Amino acid sequence: MKHLAVFASGTGTNFDAILKAIKNGEIDATIELVVVDKVDAPVIEKAKSQGILTFVFNPRDYENKAAYETEILKLLMAESIDLVVLAGYMRICGPTLLEAYEGRIINIHPSLLPAFQGKDAIGQAIAYGVKIMGVSIHYVDSGLDSGKIIAQACFEVGNMNAEQIETTIHAIEHGLYPRVIQQLLKGE
Ligand code: GRF
0 MKHLAVFASG TGTNFDAILK AIKNGEIDAT IELVVVDKVD APVIEKAKSQ GILTFVFNPR
60 DYENKAAYET EILKLLMAES IDLVVLAGYM RICGPTLLEA YEGRIINIHP SLLPAFQGKD
120 AIGQAIAYGV KIMGVSIHYV DSGLDSGKII AQACFEVGNM NAEQIETTIH AIEHGLYPRV
180 IQQLLKGE
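Sequential numbering from 0 applies to the sequence shown in numbering that gives the first Met the number 0.
#1: Hey, quick one: how far does the beta strand (DSSP E) through V223 stretch, first residue to last?
#2: Quickly, what does DSSP pair I104 with across the bridge? List them, please.
#3: Using a threshold of 6 Å, is the CB atom of P150 nearer than that to any non-hydrogen atom of the ligand GRF?
#4: Do you know how far the Cα of L75 is from the Cα of F6?
#5: Beta-carbon separation of E239 and L32 under 7 Å?
#6: Note down, one range per segment and in chain order, each beta strand (DSSP E) of at least 3 residues found wholly within the region 89-140.
#7: Taking only three categories from DSSP, how would you classify Q163?
#8: Taking C-alpha atoms, which residue in I131, D140 and K47 lies nearest to G93?
#9: In chain order, what residues of the same chain lie with their CB nearer than 8 Å to the CB of L184, ignoring the 5 residues before and after it?
#10: Does the Cβ of G117 have 16 or more other Cβ atoms within 10 Å, making it buried, or fewer, making it exposed?
#11: Any idea which residues DSSP pairs F154 with across the strands?
#12: Could you pull the start and end residues of the alpha helix (DSSP H) that F14 belongs to?
#13: Take A46 and list the residues in its own chain whose beta-carbon comes closer than 6 Å to its own, dropping the five residues that flank it on each side.
#14: Do A126 and S110 have their beta-carbon atoms positioned less than 7 Å apart in this structure?
#15: State the CB to CB distance for the pair G122 and G9, rounded to an integer number of angstroms; the pair is presumed to be in contact (CB under 8 Å).
#16: Relative to the ligand GRF, is the shortest distance from any of its heavy atoms to the C-beta of G146 smaller than 6 Å?
#17: Which same chain residues, not among the five before or five after F115, have their C-beta less than 6 Å away from its C-beta?
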């Protein structure tokens with residue numbers, strides 16, 4: 000059985016979707032570790048209630064990125080993590096993680112990359128007035144949402160309002176991320 004680590008900073012609806020897919024047998028893996036960089040993020044309780052090991056940290060308590068990533072890396076090794084799944088983790092990964100887990104860290108981003116990288120991608124796309132929106136899953140590199148794209152899905156905005164757009168994006172994410180994770184674990 001493959002081992003996943005999920006990194007998140009917020010609500011954790013993608014964490015929920017991945018966990019559900021595991022329980023339904025759609026992903027042949029277990030989540031062995033959840034890493035969270037915000038001490039009050041709702042995803043923490045979700046993970047704890049499932050008995051999943053959590054590493055919750057405040058980056059300000061560390062001298063630099065290498066210092067907290069060294070702690071994370073120790074846990075990734077200890078839990079024999081095969082794939083690191085970023086799901087709303089709002090930090091750039093540094094060389095400590097990237098070199099140890101090259102090609103084994105993925106992220107989901109709520110835009111059709113390379114458009115609208117960074118924060119509030121949905122708001123950026125709405126402000127731009129794009130007619131087609133979507134979701135991207137990509138390998139993580141040292142840049143901001145810039146790694147090689149693995150999968151994308153899109154939809155026509157039509158006359159949806161912002162709330163409907165967000166709901167649509169999240170529904171797409173929750174279907175696409177588990178499918179891509181399973182494909183990667185199977186080596187497809
Ligand atoms: C998702 O929209 C994801 O694309 C982005 O952050 C959001 C995380 O949401 N990177 P959640 O915490 O999984 O609900």
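Note that beta-carbon positions come from the ideal geometry of N, C-alpha and C, so glycine has one too. Since this is a predicted model, take the numbers as computed values, not measurements.
Taking the structure as given:
#1: No statement about residue 223 is possible, as the shown extent of the chain runs from 0 to 187 and does not include it.
#2: V83
#3: Per the sequence presented here, residue 150 reads as Ala, with Pro not at that position. No, the Cβ of A150 stays beyond 6 Å of every heavy atom of the ligand GRF.
#4: 11 Å
#5: This structure gives no information on residue 239, because the portion of the chain shown stretches from 0 to 187.
#6: 104-108 and 131-138
#7: helix
#8: For G93, the closest of I131, D140 and K47 by C-alpha to C-alpha distance is D140.
#9: K1, I26, D27, A28, D81 and L82
#10: exposed
#11: M132
#12: T12 to K22
#13: V33 and T53
#14: For S110 and A126, no; Cβs fall outside 7 Å.
#15: Not quite, the Cβ-Cβ distance comes to about 15 Å (not below 8 Å), so this is no contact.
#16: no
#17: Q123 and A124
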